[in-house]
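Just below is one structure, and these are the notes that go with it.
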Amino acid sequence: MTEMAPGGVDERQAARFDRLVAVLRRQHRRPEAMAGFFAGLGARGVVAALSTIAFGPSREDVRGWDELPALLRDGLHAAARSPHFDAEGFGADLAELLAEEDEDHRATVSAVTAFLLASGHYDERLLAGWSRAFDALTLPADPPLTWGSFLTRSDGPRPWSDLAAFVRAHRQDAA
Amino acid sequence: MTESANTGARVPHLDETFMQLTIGYDDLLRLADVVAGTTAPGDVPARLREAGLVGPTGVHPVAASLVEVAVGPARSVVLERFDGATLTPLFVAWLPDGRATTSVPNADRDVVVTATELGLIRDQLRQWLAILDRPIVPGRERILTDTTVIDAAVSASGVEATGDPRLDAVIAGWRLAWRAHGNWARREIDTSLTVVDAGPQGWLRVDHPPREGREPVPVTLVPLTLDEVLAQLGDVVTGRRARVGND
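Structure, rendered in structure tokens:
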């Protein structure tokens, strides 16, 4: 039978966390190492880990437990610098977790996302992926185009309208 | 390399054989700025130089000609074709020297600009809008209806009878609808045309009062012959009947 540590975490689990902290301490600034680590963990895994650390009981039996959030955050930003890491996809996966129906879960995801993305580290690809997916979740969808709206031109601007509007306003005068 | 959402083509491409430029909207406008001399060739993103579109002395001459027409035309026309599910646009631009371009968005949200000539536009549009000679039933009349009736009668789930046999005949032959808006450079739209193609019931121009939102508005369907459709589309493309102020 496994002996339980005072915090409710068994020793083997605590040992695994110790190793995780040690690995992250050594590797968290190395893009290649972190790319593989975060690709395996995934956005859902990162949120689960950070929410456990932030909202779960303190694990005094794990050395460096309090360091883990910062190590994970810095590791993620290191991973985002790797060309082998799909930072946009990771950002989009992160935003899509906000689509969960459970309000408490959404609040957790929101807090974790704020910690990851708004703490002084701004990776463009990570943010771009997150922003696009977040926009898709939150922006009102265009009403469906019907024959009536098409025939009476009440269906609003279209993506190519930008070019038409630009041309209407712009003419390079041939002097 | 990080791209903005609207940068479009990761690799802008010029096909000199077919005089066709595939490029993101933002990059198209950047090329226009270089052609106009408001941006130095060295200040454009590297991808435009790597694609051979911009050199030390300026924009590649074929690309420059396409950009000059597409972005700085004397007259431009937006055509949109709707089949009930997909709305497909075509942007036509021309200059008085006869140069013209058609521009369409592709699946990657880039714009594909193709060179053509003003004299060819009529036949290109006839093909694109399927304005072809065909038997049309005689005795067609103007039909008064409204947007609510049309939306209820023609939808993705099929067609419903309206109780008006003339309108039901039109709806039975309903194929597609298209609209065209034309404007001179630096002017607002001066000529518009919206047409329903009802197959054997022929072409019907859509007349209606201005619509602010999604409220129902009355619609008049005015039968047009083949020649009338072509003449009225020609009015939009050429601007020959446009009233333009002196501002």
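So the protein sequences, as listed, match chains A and B. The first sequence: position 8 = 8 (our numbering), numbered continuously. The second sequence: position 45 = 220 (our numbering), numbered continuously. Yeah, the Cβ is synthetic: ideal placement off N, Cα and C, and Gly gets one too. Everything numeric in this text was worked out from a predicted model, so none of it was measured.
query                                                                                                                                                                                           : result
For Leu196 of chain B, which residues does DSSP report across the bridge?                                                                                                                       : B:Leu189, B:Val288
Bridge partners of Ser330 of chain B, per DSSP?                                                                                                                                                 : B:Gly333
Tell me which residues of the segment 204 to 236 of chain B have at least one Cβ-Cβ distance to chain A shorter than 8 Å, keeping chain order.                                                  : Leu204, Ala207, Val210, Ala211
Note down the Cα distance separating Val208 of chain B from Trp269 of chain B, rounded to an integer number of angstroms.                                                                       : Residue identity check: residue 208 of chain B is Asp in the sequence provided, not Val. Rounded to whole angstroms, Asp208 of chain B to Trp269 of chain B spans 19 Å at the Cα level.
Thinking just about the alpha-carbon of each residue, which of B:Arg354, B:Arg386, B:Ala211 is nearest to the one in Val161 of chain B?                                                         : Given a span of 176 to 422 for chain B in the structure shown, any question on residue 161 of chain B remains unanswerable.
Give me whichever residues DSSP pairs with Ala43 of chain A in a beta bridge.                                                                                                                   : Paired residue(s): none; Ala43 of chain A is not in a bridge.
Just the C-alpha distance for Ala282 of chain B and Arg132 of chain A, rounded to the nearest angstrom, thanks.                                                                                 : 18 Å
Looking at Val23 of chain A and Thr108 of chain A, is the spacing between their C-beta atoms short of 9 Å?                                                                                      : no
Taking only three categories from DSSP, how would you classify Gly233 of chain B?                                                                                                               : strand
Please determine, among B:Leu241, B:Val242, B:Ala215, B:Val237, the residue with the shortest C-alpha to C-alpha distance to Pro231 of chain B.                                                 : B:Ala215
With respect to the beta strand (DSSP E) encompassing Phe257 of chain B, which residues constitute its N-terminal and C-terminal limits?                                                        : 250 to 257
Residues in the same chain with beta-carbon distance under 6 Å from Leu319 of chain B, minus the five sequence neighbours each way, listed in chain order, please.                              : Thr395
Might you give, ordered along the chain, the residues of its own chain that have their beta carbon closer than 7 Å to the beta carbon of Asn181 of chain B, omitting 5 neighbours on each side? : With a pLDDT of only 44 at Asn181 of chain B, under the threshold of 50, the placement of this residue in the model should not be trusted, and no figure is reported.
Where does Ser58 of chain A land, buried or exposed, given buried means 16+ other C-beta within 10 angstroms?                                                                                   : exposed
Quick check: what's the CA-CA separation for Glu292 of chain B versus Ile306 of chain B?                                                                                                        : 19 Å
Within the 9 Å Cβ cut-off, does Pro398 of chain B reach chain A?                                                                                                                                : no
Quick one: which chain A residues come within Cβ less than 8 Å of Ala352 of chain B?                                                                                                            : Trp147, Phe150, Leu151
Taking Cβ-Cβ distances shorter than 7 Å, what residues in chain B pair up with Ser51 of chain A?                                                                                                : Near Ser51 of chain A there are no residues of chain B at all, since even the closest Cβ is about 29 Å away, more than 7 Å.
One question on the structure: do Met34 of chain A and Ala79 of chain A come within less than 9 Å of each other, judged by their Cβ atoms?                                                      : yes
Any idea what DSSP makes of Ile318 of chain B, helix, strand or coil?                                                                                                                           : strand
Does the distance from the CB of Arg250 of chain B to the CB of Gly357 of chain B come in under 9 Å?                                                                                            : yes
Would His235 of chain B and Thr322 of chain B qualify as a contact pair, given that the criterion is a beta-carbon distance under 9 Å?                                                          : no
Are at least three pairs of beta-carbons, each pair with one atom in the segment 327 to 334 of chain B and one in the segment 219 to 230 of chain B, less than 8 Å apart?                       : no
Check this for me: beta carbons of Leu137 of chain A and Glu96 of chain A, under 9 Å apart or not?                                                                                              : yes
Note down the Cα distance separating Glu11 of chain A from Asp135 of chain A, rounded to an integer number of angstroms.                                                                        : 44 Å
Exposed or buried, which one is His28 of chain A when buried takes at least 16 other CB atoms within 10 Å?                                                                                      : buried
For the segment 361 to 408 of chain B, list the beta strand (DSSP E) runs that are entirely contained and at least 3 residues long, ordered along the chain.                                    : 366 to 372, 378 to 382, 393 to 399
Select from B:Glu243, B:Glu390, B:Thr192, B:Thr213 the residue whose C-alpha is nearest the C-alpha of Thr146 of chain A.                                                                       : B:Glu390
How would you write the range of the alpha helix (DSSP H) that Trp353 of chain B sits in, first residue to last?                                                                                : Where Trp353 of chain B is concerned, there is no enclosing alpha helix (DSSP H), although the beta strand (DSSP E) it sits in stretches over 351 to 359.
Which residues of chain A have a Cβ atom closer than 8 Å to the Cβ of Leu241 of chain B, listed in chain order?                                                                                 : Those within 8 Å of Leu241 of chain B in chain A number zero; the least Cβ separation is about 13 Å.
For a contact meaning CB atoms closer than 8 Å, what does Ala133 of chain A contact in chain B?                                                                                                 : Within 8 Å Cβ-Cβ: nothing; Ala133 of chain A doesn't reach chain B, min ~12 Å.
Helix, strand or coil, according to DSSP, for Arg297 of chain B in the structure here?                                                                                                          : helix
Assuming the contact rule is C-beta atoms closer than 8 Å, Glu316 of chain B and Arg341 of chain B should be a hit. Round their C-beta distance to whole Å, please.                             : 6 Å
Start and end of the beta strand (DSSP E) containing Leu145 of chain A?                                                                                                                         : Careful: Leu145 of chain A lies outside any beta strand (DSSP E) and carries neither H nor E.
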